[in-house]
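Participant: Protein chains in written order, with the working numbering: chain A, 67 to 178; chain B, 14 to 126. We put the CB at the ideal spot given by N, CA and C, even for glycine. My structure is below; once you've seen it, I'll send some questions.
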Amino acid sequence: GAGVSQSPRYKVAKRGQDVALRCDPISGHVSLFWYQQALGQGPEFLTYFQNEAQLDKSGLPSDRFFAERPEGSVSTLKIQRTQQEDSAVYLCASSGTGSPLHFGNGTRLTVT
Amino acid sequence: DAKTTQPPSMDCAEGRAANLPCNHSTISGNEYVYWYRQIHSQGPQYIIHGLKNNETNEMASLIITEDRKSSTLILPHATLRDTAVYYCIVRVDYTGANSKLTFGKGITLSVRP
Chain A
67 GAGVSQSPRY KVAKRGQDVA LRCDPISGHV SLFWYQQALG QGPEFLTYFQ NEAQLDKSGL
127 PSDRFFAERP EGSVSTLKIQ RTQQEDSAVY LCASSGTGSP LHFGNGTRLT VT
Chain B
14 DAKTTQPPSM DCAEGRAANL PCNHSTISGN EYVYWYRQIH SQGPQYIIHG LKNNETNEMA
74 SLIITEDRKS STLILPHATL RDTAVYYCIV RVDYTGANSK LTFGKGITLS VRP
């Protein structure tokens with residue numbers, strides 16, 4: 067596809083459940099970013115991949131959050147034992163060398 | 014990265030120019046000014062960026078003051094579909110991990126019919 071694709075678009079989880087959010091970046095884009103956006107706030111950086119290497123995970127809020135990109139393309143953000151404060155929109159972005167970041171439309175996670 | 018200051022909201026009439034201000038008084042010489050917008054229920058969308066010269070593309074114009082301490086994003090003929098949150102971001106054009114964007118709260122533009 068032409069843009070960054072994220073799935074599912076919406077996810078409802080009961081507190082304590084594990085969830086996995088998928089990101090398909092633009093083909094050929096080396097860099098991949100995950101952001102978290104709470105209601106009414108700007109996106110907050112979570113983690114960054116260059117190809118398959120996770121070079122920055124300084125924004126991950128706790129060890130319940132885990133991201134991977136094993137083949138340097140598709141990425142998965144996993145949240146274990148979800149809590150209500152994890153409710154947010156999770157955005158994925160990719161970029162090629164020297165190009166602006168291109169964002170997907172996000173996954174809205176609601177933890178009940 | 015330098016911080017930016019934007020008013021929380023503004024509105025304009027459909028068909029008129031929308032001028033969105035941004036202050037970045039602590040910008041460094043090698044930092045670019047980027048603008049993104051986020052329409053409701055969508056991800057942020059790249060609009061334009063510049064270093065010191067004014068820039069124009071099919072979406073907007075970016076006017077950067079000579080001292081680079083502020084800039085204005087201009088949407089020349091606003092439409093209802095331009096209603097969105099607009100983010101002004103400054104960053105060095107690194108590659109790799111340092112190419113991440115740091116978002117503030119942005120400015121909510123409401124275009125009225």
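1) Check the Cβ of Ser112 of chain B against every Cβ in chain A and list those closer than 7 Å, keeping chain order.
2) Below 8 Å between beta carbons is the criterion; list the residues of the region 29-43 of chain B that meet it against any residue of chain A, in chain order.
3) Closest to Ala154 of chain A by CA distance: which of A:Glu110, A:His95, A:Ser124 and A:Pro166 is it?
4) Cα-Cα, which of A:Thr178, A:Gln102 and A:Ser73 is closest to Arg88 of chain A?
5) Count the C-beta pairs between the region 41-59 of chain B and the region 88-102 of chain B that are closer than 8 Å, then say yes if the count reaches three, no if not.
6) Should Thr176 of chain A go down as buried or exposed, given a rule of 16 or more other Cβ atoms within 10 Å for buried?
7) Give, in chain order, every residue of the region 59-74 of chain B whose Cβ lies closer than 8 Å to some Cβ of chain A.
8) Compute the beta-carbon to beta-carbon distance between Leu93 of chain B and Leu86 of chain B, rounded to the nearest angstrom, for a pair I have assumed lies under 8 Å.
9) Across the region 140-154 of chain A and the region 49-57 of chain B, are there enough close Cβ pairs to call them in contact, namely three or more that are closer than 8 Å?
10) Rounded to a whole number of angstroms, what is the C-alpha to C-alpha distance between Ile120 of chain B and Leu143 of chain A?
11) Hey, is the region 153-168 of chain A in contact with the region 98-106 of chain A, meaning 3+ C-beta pairs nearer than 8 Å?
12) Measuring only the C-alpha atoms, how far is Tyr129 of chain A from Ala119 of chain A?
13) Taking the straight line between their C-alpha atoms, what separation do you get for Ile60 of chain B and Ala73 of chain B?
14) Mind reading off the beta-carbon distance from Ala133 of chain A to Thr113 of chain A? Whole number of angstroms is fine, and I expect it under 8 Å.
15) Suppose the cutoff is 7 Å on Cβ atoms and the five residues either side in sequence are ignored; what does the same chain contact list for Arg81 of chain B look like?
16) Three-state secondary structure (DSSP) at Asp106 of chain B?
Facilitator: Working from what's here:
1) Correct list: Ser97 and Ser161.
2) Within the region 29-43 of chain B, no residue places its CB atom closer than 8 Å to a CB of chain A.
3) A:Glu110 is the residue among A:Glu110, A:His95, A:Ser124 and A:Pro166 whose C-alpha sits nearest the C-alpha of Ala154 of chain A.
4) Ranking A:Thr178, A:Gln102 and A:Ser73 by Cα distance to Arg88 of chain A puts A:Ser73 first.
5) Contact holds: three or more Cβ-Cβ distances are below 8 Å.
6) Under the 10 Å beta carbon count, Thr176 of chain A is surrounded by fewer than 16 other beta carbons and is classified as exposed.
7) Interface annotation for the region 59-74 of chain B against chain A: Tyr59 and His62, criterion Cβ-Cβ distance under 8 Å.
8) Approximately 18 Å separates the beta-carbon atoms of Leu93 of chain B and Leu86 of chain B; this is outside 8 Å, ruling out the contact.
9) With a cut-off of 8 Å, the region 49-57 of chain B and the region 140-154 of chain A do not count as touching, because too few Cβ pairs lie within range.
10) Rounded to the nearest angstrom, the gap between the Cα atoms of Ile120 of chain B and Leu143 of chain A is 29 Å.
11) Segments in contact, yes.
12) Reading off the sequence shown, one finds Asp at residue 129 of chain A, where the question assumed Tyr. Going by the C-alpha atoms only, they are around 18 Å apart.
13) For Ile60 of chain B and Ala73 of chain B, the distance between alpha carbons rounds to 7 Å.
14) With a Cβ gap of about 5 Å, Ala133 of chain A and Thr113 of chain A count as contacting.
15) If the five residues before and after Arg81 of chain B are omitted, its C-beta is found closer than 7 Å to the C-beta atoms of Ile40 and Lys65, all from its own chain and listed in chain order.
16) Looking at Asp106 of chain B - three-state DSSP - the assignment turns out to be coil, as it is neither helix nor strand.
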